[in-house]
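Visitor: Here you go, one structure.
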Amino acid sequence: MYKAKRTQLLQQGACAKGQRLMRAERLADRLVIMPEPQEGNKRLMRLYFTYPVMLAIGLLVFSVAGIGPSFLGSESTDLHIITVLAYLVLSIASLTLSFFDLGSKQVEYAFAILVDSIVISILLYTSGGAQSGLGILLGISIAFGAQGMPTRIAMFSTAVATAAIFLEAYLEYVFLNHPFNNLTVLILLGTSYFALAFLSHELSARTQLSEKLVKQQGKDIANLTELNDQVIHNMQTGVIVLDEKTNIRMLNDAAWRFLGRPISTVGYALGQISEDLATALNRWRQQPSSQQRHLHTHAEGNDLLVKFQNIGESKRTGILIFLDDASRAAEAAQQLKLASLGKLVASIAHEIRNPLGATGHANQLLQESDHLQGTDRRMTEIIDRNTSRLNEVIENILSLSRQRPVESEKIRLDVWLNKLCKEMSNNYRLQPEQMVSYVSPPDTNLVFDPQQVFQIVNALVENAIKHQAHKAEKLTISLTGGMDPGTREGYIEVIDNGAPISSEIVDKLFEPFFTTSNMGTGLGLYIVKELCDANNIRISYLPVSSGGNCFKLKFAPDRQDKP
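With the numbering used here as the guide, the letters of the sequence shown map in order to residues -13 to 549.
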């Protein structure tokens, strides 16, 4: 049941992470809704080709039904109708082809403006010339087309259109004997064509630049939002966001762990998830304070430091809750104190070592004297025992200050533990059956620093032998190891059959200078804990149900290697 629940929680965590990524990708599209560049060009082209189709249909209706202005086709009705019909066919063909990616859009635009120039020039010819006002229709085509062409092509197409209306005026003069007195109108039309082309092209360029800039800003905002989301969710500090009704709107992974890994959180009231935290919130509302509050939750027995803060100036907008592990904060403070103390003690140890060595050497010379009586010899033994003890304390302190860097390598665990058993059995004069090793699965490989892990295991074995001296002959020590199939974490266990450690002192086992023996220094297990921390190993004490003690070393997943 536990594995099923754990799998469900992991799946929900992966699903939530995927939803956050999808939400960030959609955010830019919500900020700026615009088509892709290629799609935008196609839409503009279709709109451009729709205009001549509608214009041709309108001109055809006016001509056939006779409901349009009287000047339309006044000079040549047949030519006018034929031109409009040809214009309609070409426009429909151009609109249809715009739905297919057949070639360069610049060529399509230029061809369309050329067709419009010829057609509208003919319509001017059949409708009385420039004074009919049909020339403005060509300006609309130029304004549309210039948006989809480079500056040089747009200006060239405009020049062709201008030349077309001047040519039409000349043909009127030659074939219809119309006086050439509309030069001013033609110049104004030509100038307006160039102005429309330039302004339309510049407006289109600036619009596209603004779209790109806004789209990029939208992406930047989406990236920043996702970055903030990732930072918040990977923080060691728990963060909870509540709305004005104290319903949970968001919480990060650390807060989810602190609250006992609930199945559902977002949208639920805080009191449904954590009654302790809801009670602390109500107390804070009655007596607001920016100071952190200490809270002991029933969920996994966490001791938390809690800080509440209003969102914005209004107290009705919502509340931010920050959660920190009180034990981690206390451990950090202790480590800081111990670091400062360690430097001081290390310097003192160097100063003590020389006179201590001289004292020990003098005591050895004194012991070699033939004139020592029983009481005096007893005194030299006391001096020798206490100088050795004091020298051990100094060695332990100095070993902490000159700890070498971790040098990990891949180790075949069963071979390494078997070799370790034989070596320690010889060193501590144990019988072969008193120290055994077992690994499951047998082909487990782990990655760690063999020298430092040897030092850890050796210290634990030595500690077991020292504290079980009264039953030395019956003492058995087992070194077991392997890999947890559920968590894929490697582990090593040092198990003895001695008297279990009292539950009252279990929490103090790894504190510096804590010892239950008059002859102990209180630094053995503390040094073990420091070595474990340096190697990213979690060490814990577990009482054995059948009697005895177990110290378990758990290797982090990123420091293991699958068999």
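All residues carry an ideal CB built from backbone N, CA and C; glycine is no exception.
1) Reducing DSSP to helix, strand and coil, say where residue 529 ends up.
2) Verify whether the separation of the beta carbon atoms of residue 480 and residue 447 is less than 8 Å.
3) Give me the residue from 260, 223 and 143 with the minimum Cα distance to residue 308.
4) Straight-line CA distance for residue 132 to residue 38?
5) Where residue 510 and residue 235 are concerned, what is the direct C-alpha to C-alpha distance, given to the nearest angstrom?
6) Please report the Cβ distance between residue 171 and residue 129, rounded to the nearest whole angstrom; I am assuming they are in contact, meaning their Cβ atoms lie under 8 Å.
7) Where does residue 420 land, buried or exposed, given buried means 16+ other C-beta within 10 angstroms?
8) So for residue 426, helix, strand or coil by DSSP?
9) Does the beta-carbon of residue 165 have 16 or more other beta-carbons within 10 angstroms, so that it is buried, or is it exposed?
10) On the three-pair Cβ rule with 8 Å, is the region 89 to 102 touching the region 59 to 67?
11) With the cut-off set at 8 Å, would you say residue 414 and residue 451 are in Cβ contact?
12) Identify, in the order they occur along the chain, each residue of the same chain with its Cβ nearer than 6 Å to the Cβ of residue 270, setting aside the five sequence neighbours on each side.
13) I need the straight-line Cα distance from residue 182 to residue 205, nearest angstrom please.
14) If you draw a straight line from the alpha carbon of residue 353 to that of residue 366, how long is it in whole angstroms?
15) Apart from the five residues just before and just after residue 158, which ones in its own chain have a Cβ nearer than 7 Å to its Cβ?
16) Specify whether the region 118 to 126 and the region 68 to 77 touch according to this definition: at least 3 beta carbon pairs, one from each stretch, less than 8 Å apart.
17) Check for me: the alpha helix (DSSP H) holding residue 410 runs from which residue to which?
18) Alpha carbon to alpha carbon, how far is residue 266 from residue 516?
19) Leaving aside the five residues before and after residue 237 along the sequence, list all residues of the same chain whose C-beta is less than 8 Å from its C-beta, in chain order.
20) Taking one C-beta from the region 428 to 443 and one from the region 389 to 398 each time, how about it: are there three or more such pairs within less than 8 Å?
21) Would residue 534 be called buried (16 or more neighbouring beta carbons within 10 Å of its own) or exposed?
22) Would you kindly work out how many angstroms separate the C-alpha atoms of residue 490 and residue 444, rounded to a whole number?
23) Within a Cβ cutoff of 7 Å, which residues of the same chain sit near residue 41, ignoring the five residues on either side of it in sequence?
24) According to DSSP, residue 255 sits in a beta bridge with which residue or residues?
25) Of the residues 136, 138, 95 and 152, which one's Cα is nearest the Cα of residue 127?
26) Return the chain-ordered ranges of every alpha helix (DSSP H) run that is complete within the region 132 to 217 and spans a minimum of 4 residues.
27) Say whether the region 135 to 149 touches the region 45 to 55, bearing in mind that this needs 3 or more beta-carbon pairs closer than 8 Å, one atom from each stretch.
28) Closest to residue 442 by CA distance: which of 512, 487, 470 and 80 is it?
29) Near residue 453, what residues of its chain come up, given a Cβ to Cβ distance below 7 Å and the 5 sequence neighbours on each side ignored?
30) Based on Cα-Cα distance, which residue from 536, 519, 337 and 531 lies nearest to residue 542?
31) With DSSP as the reference, please indicate the residues paired to residue 524 in a beta bridge.
32) Roughly how many angstroms lie between the CA atoms of residue 524 and residue 497, to the nearest whole one?
33) List the DSSP bridge partners of residue 308.
34) Out of 190, 296 and 358, state which residue places its alpha-carbon closest to the alpha-carbon of residue 230.
35) Please name the residue or residues paired with residue 469 in a DSSP beta bridge.
36) Considering residue 434, what are the terminal residues of the beta strand (DSSP E) in which it resides?
Guide: In brief:
1) strand
2) yes
3) 223
4) Using only the alpha carbons, I get a separation of about 15 Å.
5) For residue 510 and residue 235, the gap between their C-alpha atoms comes out near 48 Å.
6) Between the beta-carbon of residue 171 and that of residue 129 there is about 19 Å, and that puts the pair past the 8 Å contact cut.
7) buried
8) strand
9) exposed
10) Contact fails between the region 89 to 102 and the region 59 to 67, because fewer than three Cβ pairs, one in each stretch, are under 8 Å apart.
11) yes
12) 294
13) 34 Å
14) Roughly 7 Å between the two C-alpha positions.
15) 111, 115 and 164
16) no
17) 399 to 413
18) Here the C-alpha atom of residue 266 lies approximately 36 Å from the C-alpha atom of residue 516.
19) 224, 225, 226, 227, 245, 251 and 252
20) yes
21) With 16 or more other Cβ atoms within 10 Å, it is buried.
22) A straight line joining the alpha-carbon of residue 490 with that of residue 444 spans about 25 Å.
23) 123
24) 233
25) The shortest C-alpha separation from residue 127 is found at 95.
26) 137 to 161
27) no
28) 512
29) 484
30) 519
31) Answer by DSSP bridge pairing, in chain order: 540.
32) 15 Å
33) 225 and 293
34) Closest option to residue 230, Cα to Cα, is 296.
35) 476
36) 431 to 434
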